[in-house]
Amino acid sequence: MKHLNILLCIIFLIPVALFICEHIENMQLKKHIDTHKEEIMALRIKSTEDEVTKAELMISNINTQIKSLELVALIDPPNILNALEQIEKAKAQKQKLEQFKNEKMNMLAAIAKGNSS
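When we follow our numbering, the leftmost residue of the sequence shown carries the number 1, and every step to the right adds one.
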């Protein structure tokens, strides 16, 4: 009878032990996944910030290009039409870059708002 009690006790404890082990493993996996989610989010933020910086540099470059073309238009009247055309193209490109930059800035603001909640 004593052996039967021990056997029943072992039969009962094995599934409990397996359940506990599985629960511990699931918790460790969840922690691991959460860590990777945070790393991915940090990389996304950094990437978006880099895109904004790149857009700002390109906008600055276009502003310089526009000023240079305006000087060409003043100094070299025969090329004024070409310079004005180039200025319009540069302004259109600048506008697209500013829109892109604003979208990325809004994305960063949404991420920051989501993290603060």
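Note that CB positions come from ideal geometry on N, CA and C, so glycine has one too.
- [ ] Using the Cα positions of residue 89 and residue 83, report the straight-line distance between them to the nearest angstrom.
- [x] Distance between the alpha carbons of residue 89 and residue 83 is about 10 angstroms.
Task: From 37, 11 and 42, residue whose alpha carbon lies closest to that of residue 108 - done: Ranked by how close their Cα comes to the Cα of residue 108, the residues 37, 11 and 42 have 42 in first place.
Open item on the list: Under 8 angstroms: do the stretch 14-21 and the stretch 73-87 share three or more Cβ pairs, one atom per stretch?
Closed with: Segments in contact, no.
Task: Buried versus exposed call for residue 127 [16 or more other C-beta atoms within 10 Å across all chains shown] - done: The structure shown has nothing for residue 127, since the chain only spans 1 to 117.
Task: Backbone CA spacing between residue 26 and residue 50 [nearest angstrom] - done: Whole-angstrom Cα-Cα distance: 36 angstroms.
- [ ] Put residue 1 into one of helix, strand or coil per three-state DSSP.
- [x] If DSSP states are grouped into helix, strand and coil, residue 1 belongs with coil.
Open item on the list: Looking only at its chain, what residues have a beta carbon closer than 8 angstroms to the beta carbon of residue 58, apart from the 5 residues adjacent to it on each side?
Closed with: Only 97 meet the Cβ criterion.
TODO: Please confirm whether residue 52 and residue 101 have their CB atoms less than 9 angstroms apart.
DONE: Yes, the pair counts as a contact, with Cβ atoms nearer than the cut-off.
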